[in-house]
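Student: Numbered according to my numbering, the sequence shown spans residues 84 to 281. All C-beta atoms in this analysis are idealised placements derived from N, C-alpha and C, irrespective of residue type, glycine included.
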Amino acid sequence: FSVESGLSCLKNKLGKKIASEQVSLYDDPTIPNGYGSTPYDAEGTPTQKTSIVEKGVFKNYLHNASTAKRYKVKSTGNAGLISPRAFSPVLKEGNYSKEELFKGIKKGIYITNVWYTRFQNHETGDFSTIPRDGAFYIENGKVKKALKDIRISENMLKVLKNISALGKEGTQIKSWEVDTPTTVPYTLVKNVNITKPN
Numbered sequence: 084f085s086v087e088s089g090l091s092c093l094k095n096k097l098g099k100k101i102a103s104e105q106v107s108l109y110d111d112p113t114i115p116n117g118y119g120s121t122p123y124d125a126e127g128t129p130t131q132k133t134s135i136v137e138k139g140v141f142k143n144y145l146h147n148a149s150t151a152k153r154y155k156v157k158s159t160g161n162a163g164l165i166s167p168r169a170f171s172p173v174l175k176e177g178n179y180s181k182e183e184l185f186k187g188i189k190k191g192i193y194i195t196n197v198w199y200t201r202f203q204n205h206e207t208g209d210f211s212t213i214p215r216d217g218a219f220y221i222e223n224g225k226v227k228k229a230l231k232d233i234r235i236s237e238n239m240l241k242v243l244k245n246i247s248a249l250g251k252e253g254t255q256i257k258s259w260e261v262d263t264p265t266t267v268p269y270t271l272v273k274n275v276n277i278t279k280p281n
């Protein structure tokens with residue numbers, strides 16, 4: 084639906100590499116006791132685990148009955164009240180502890196949470212977001228100081244391609260102003276553009 088409306092940077096991306104090989108992403112509303120878990124979607128179709136990205140390659144759109152019919156595929160059980168939606172996205176874990184990820188950083192920023200995430204251009208994936216709850220400067224693997232008044236101004240596809248390592252433990256979170264809970268590990272991203280808020 085978002086693709087057809089021109090509100091997605093994933094238009095014409097099926098079968099193409101959109102992220103680093105570290106990235107495998109799926110939607111799994113069947114997670115026991117998950118915040119977004121549900122046995123059925125809004126159309127009564129049983130939900131299922133659906134692969135979205137496998138080792139960086141975009142594999143599937145999420146479908147309700149009507150979009151599945153247009154694309155000549157089966158519904159993935161992702162009907163929302165109006166359009167298809169993810170219920171419980173999961174970024175597959177990697178192999179590193181938090182300490183190991185930090186150790187490999189010569190100069191970087193540790194961001195614990197974000198809010199006020201806004202897309203400037205949905206079609207290209209340009210967005211900005213502001214750190215919340217803490218942002219810390221890291222040098223040679225050590226936290227040196229807290230940071231304030233910074234903004235991430237980036238492109239979603241670029242961020243996905245620049246993911247270089249993932250932590251080995253995922254945590255289910257529900258971010259501020261976002262209805263969909265997401266399970267994510269610690270994520271190391273190279274060359275993120277940091278600016279000052281206006």
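Could you tell me how far apart the beta carbons of GLY253 and VAL242 are, in whole angstroms, since I believe they sit closer than 8 Å?
Tutor: Within the sequence shown, numbered from 1, the residue matching residue 253 stands at position 170. Within the sequence shown, numbered from 1, the residue matching residue 242 stands at position 159. Not confirmed; about 18 Å, so no contact.
Student: Considering just the uninterrupted stretch of the beta strand (DSSP E) at ALA248, what are its terminal residues?
Tutor: In the sequence shown, the residue the question calls residue 248 occupies position 165. Start and end: 246-249.
Student: Out of VAL226, LYS273, GLU222, which one is the CA nearest neighbour of ALA248?
Tutor: One-based indexing of the sequence shown puts residue 248 at position 165. Residue LYS273 is the option with its Cα nearest to ALA248.
Student: Rounded to whole angstroms, what is the Cα-Cα separation between ASN147 and LYS132?
Tutor: Mapped onto the sequence shown, residue 147 falls at position 64. Mapped onto the sequence shown, residue 132 falls at position 49. One C-alpha to the other measures close to 14 Å.
Student: Roughly how many whole angstroms lie between the Cα atoms of LYS225 and ASP111?
Tutor: The count along the sequence shown starts at 1 and reaches residue 225 at position 142. The count along the sequence shown starts at 1 and reaches residue 111 at position 28. Going by the C-alpha atoms only, they are around 35 Å apart.
Student: For ALA218, collect the residues of the same chain with a Cβ closer than 8 Å to its Cβ; drop the 5 residues on either side in sequence, then sort them by chain order.
Tutor: Residue mapping note: residue 218 aligns to position 135 of the sequence shown, counting from 1. Once the five neighbours on either side are set aside, the close Cβ partners of ALA218 are ILE192, TYR193, ILE194, THR195, ALA229, LEU230, LYS231, ILE233.
Student: Report the option in LEU108, LYS279, ILE213 whose CA atom is closest to the CA atom of SER258.
Tutor: Taking the first residue of the sequence shown as 1, we reach residue 258 at position 175. For SER258, the nearest C-alpha among the options comes from ILE213.
Student: To the nearest whole angstrom, what separates the beta carbons of LEU271 and PRO172, a pair I think is in contact under 8 Å?
Tutor: Start at 1 with the first residue of the sequence shown, and residue 271 comes out as number 188. Start at 1 with the first residue of the sequence shown, and residue 172 comes out as number 89. Their Cβ separation, rounded to whole angstroms, is 19 Å, which puts LEU271 and PRO172 out of contact at 8 Å.
Student: For VAL136, does the count of other Cβ atoms within 10 angstroms reach 16, so buried, or fall short, so exposed?
Tutor: Along the sequence shown, one-based indexing puts residue 136 at 53. Buried is the call here.
Student: Under the three-state reduction of DSSP, which class applies to LEU41: helix, strand or coil?
Tutor: There is no way to answer for residue 41, as the model of the chain reaches only from 84 to 281.
Student: In whole angstroms, what separates the C-alpha of ASN161 from that of SER134?
Tutor: Taking the first residue of the sequence shown as position 1, residue 161 is located at position 78. Taking the first residue of the sequence shown as position 1, residue 134 is located at position 51. Roughly 12 Å separates the two Cα atoms.
Student: So what's SER211 in DSSP terms, helix, strand or just coil?
Tutor: Along the sequence shown, read from residue 1 onward, the residue named residue 211 stands at position 128. Reduced to three states, the DSSP call for SER211 is strand.
Student: Please say whether LYS181 and GLU222 have beta carbons closer to each other than 8 Å?
Tutor: By 1-based counting over the sequence shown, the position of residue 222 is 139. By 1-based counting over the sequence shown, the position of residue 181 is 98. Taking 8 Å as the Cβ cut-off, GLU222 and LYS181 do not qualify as a contacting pair.
Student: From LEU145 to LYS227, what does the alpha carbon distance come to, in whole angstroms?
Tutor: Taking the first residue of the sequence shown as position 1, residue 145 is located at position 62. Taking the first residue of the sequence shown as position 1, residue 227 is located at position 144. The alpha-carbon atoms of LEU145 and LYS227 are separated by roughly 42 Å.
Student: Here's the rule: buried if 16 or more other CB atoms are within 10 angstroms of the residue's CB, otherwise exposed. What is LEU174?
Tutor: Locating residue 174 in the sequence shown gives position 91, counting from the first residue. LEU174 comes out buried.
Student: Any idea what DSSP makes of LYS157, helix, strand or coil?
Tutor: Translated into the one-based positions of the sequence shown, residue 157 becomes position 74. It is coil, neither helix nor strand.
Student: What is the residue span of the beta strand (DSSP E) that LEU108 lies within?
Tutor: Reading the sequence shown from its first residue, position 25 is the one you call residue 108. LEU108 -> beta strand (DSSP E) spans 108-110.
Student: Taking GLU260 as the reference, which of PHE185, TYR269, ARG201 has the closest Cα?
Tutor: The count along the sequence shown starts at 1 and reaches residue 260 at position 177. Looking at the Cα atoms, ARG201 is the closest of the given residues.
Student: Where do the ends of the alpha helix (DSSP H) carrying LEU184 lie?
Tutor: For the purposes of this step, residue 184 is identified with residue 101 of the sequence shown, where counting begins at 1. Unbroken alpha helix (DSSP H) run through LEU184: 181-186.
Student: Grab me the residues of LYS279's own chain with a C-beta within less than 8 Å of its C-beta, minus the 5 sequence neighbours each way, in chain order.
Tutor: On the sequence shown, residue 279 is found 196 positions in, with the first residue counted as 1. Hits under 8 Å: ASP232, ILE233, ARG234.
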